[in-house]
Amino acid sequence: MLNRPHTTVVLAMSADGKIADTTQQPARFGSRVDKTHLEKQIAAADAVIFGAGTLRAYGTTLTVSHLNLLQHREKMGKAPQPLHIVITNSGKLNPEIRFFQQPVRRYLVTTSTGAKFWEGRSEYLEQEYFEQILVFETSTGKVDIVKLLQHLKVSGIENLAVLGGGTLVASMLELNLIDEFWLTVCPLILGGAVAPTPVEGKGFLANVAPRLQLLEVFTVEQEVFLHYRVGSGEWGVGSGE
0 MLNRPHTTVV
10 LAMSADGKIA
20 DTTQQPARFG
30 SRVDKTHLEK
40 QIAAADAVIF
50 GAGTLRAYGT
60 TLTVSHLNLL
70 QHREKMGKAP
80 QPLHIVITNS
90 GKLNPEIRFF
100 QQPVRRYLVT
110 TSTGAKFWEG
120 RSEYLEQEYF
130 EQILVFETST
140 GKVDIVKLLQ
150 HLKVSGIENL
160 AVLGGGTLVA
170 SMLELNLIDE
180 FWLTVCPLIL
190 GGAVAPTPVE
200 GKGFLANVAP
210 RLQLLEVFTV
220 EQEVFLHYRV
230 GSGEWGVGSG
240 E
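Numbering that gives the first Met the number 0 puts the first residue of the sequence shown at 0, with every later residue one more than the last.
Laid out in structure tokens, this is it:
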């Protein structure tokens, strides 16, 4: 069995399963309750990971701000904020986005090509954009997620929250690297053939699709919160990061 952190995908989606509209602008249709729920999941994690597309869309990451959550992390001997990990093949991110001013530890996980984008910048030497730049590369020139998770486990990361986007989730699902899902179903219909979904890529055939076990479900006003465990079984082949 692969020695890796426990992984939980946390996403909000429309009632028709979209995480953004056709313009792929930041999804802000979740309620205040959903944001509180997301913050709670982030506070429970040792690290959070998200793809470059998600970071480009928002420009920021959600930090833990609720006093009770901060106090609980302190009681558990943890830093106020979990480690925030950006994963990208190209490494191309705008160094001027607000993410780089937020009070969090930041890792970049990329390829050798992506690492050069940052290491070649003169200002990188003057300002710590990332605490670490980790290069884990497959033979096809993409990020090796399996080796990354093994490294994180050895580094003491026990619980990892996956915050999107759909390409990253698909890549991890096809490698059997997702343990749980927290999905918030929001009361709107977005539609659109090109609107992103929680799991992108080529998809799975029904007979080999990942199966889920419902652990809990509750509603708050007009939103439904679904908590699933990913079951065992055959796995299909989807598209990578």
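Beta carbons are placed, not taken as given, at the ideal position from N, Cα and C, and that holds for glycine.
If you're wondering where the values come from, they're calculated on a predicted model, not measured in any experiment.
Residue i burial status per 10 Å Cβ neighbour count (16 or more: buried)
i      : result
Arg210 : exposed
Glu215 : exposed
Glu199 : buried
Gly155 : exposed
Thr196 : buried
His65  : exposed
Thr139 : exposed
Ser170 : buried
Arg27  : exposed
Leu124 : The predicted model places Leu124 with a pLDDT of 49, which falls under 50 and marks its position as unreliable; any figure quoted below should be read in that light. Exposed, because fewer than 16 other Cβ atoms sit within 10 Å of the Cβ of Leu124.
Thr21  : exposed
Val229 : buried
Phe129 : buried
Rounded separation between residue i and residue j - CA only
i      : j      : result
Phe203 : Gly29  : 27 Å
Val223 : Thr6   : 21 Å
Ala42  : Ala51  : 21 Å
Arg55  : Asn93  : 8 Å
Gly113 : Lys91  : 7 Å
Thr53  : Glu73  : 28 Å
Glu127 : Lys141 : 24 Å
Asp178 : Leu151 : 16 Å
Val153 : Ala19  : 35 Å
Val32  : Val134 : 37 Å
Ile144 : Gly190 : 31 Å
Ala208 : Val161 : 20 Å
Leu225 : Val219 : 12 Å
Leu176 : Gln100 : 31 Å
Sheet register partners of residue i (DSSP bridge)
i      : result
Met12  : Val184
Ile132 : Leu107
His83  : Val47 and Arg105
Thr218 : Val223
Gln212 : Arg228
Beta-carbon proximity check, residue i vs residue j, cutoff 7 Å
i      : j      : result
Val168 : Val8   : yes
Ile188 : Asp15  : yes
Thr87  : Thr109 : yes
Asn104 : Leu82  : In the sequence as presented, Asn is not what sits at residue 104; that position holds Arg. Their beta carbons are under 7 Å apart, which means Arg104 touches Leu82 by this criterion.
Arg3   : Gln212 : no
Tyr57  : Pro102 : no
Residue i: CB within 6 Å of a non-hydrogen atom of the ligand NAD
i     : result
Thr22 : The ligand NAD is absent from the structure shown, which contains no ligand whatsoever.
Legend entry - 4-residue-minimum alpha helix (DSSP H) runs that sit fully inside the region 145-207, ordered along the chain: 165-173
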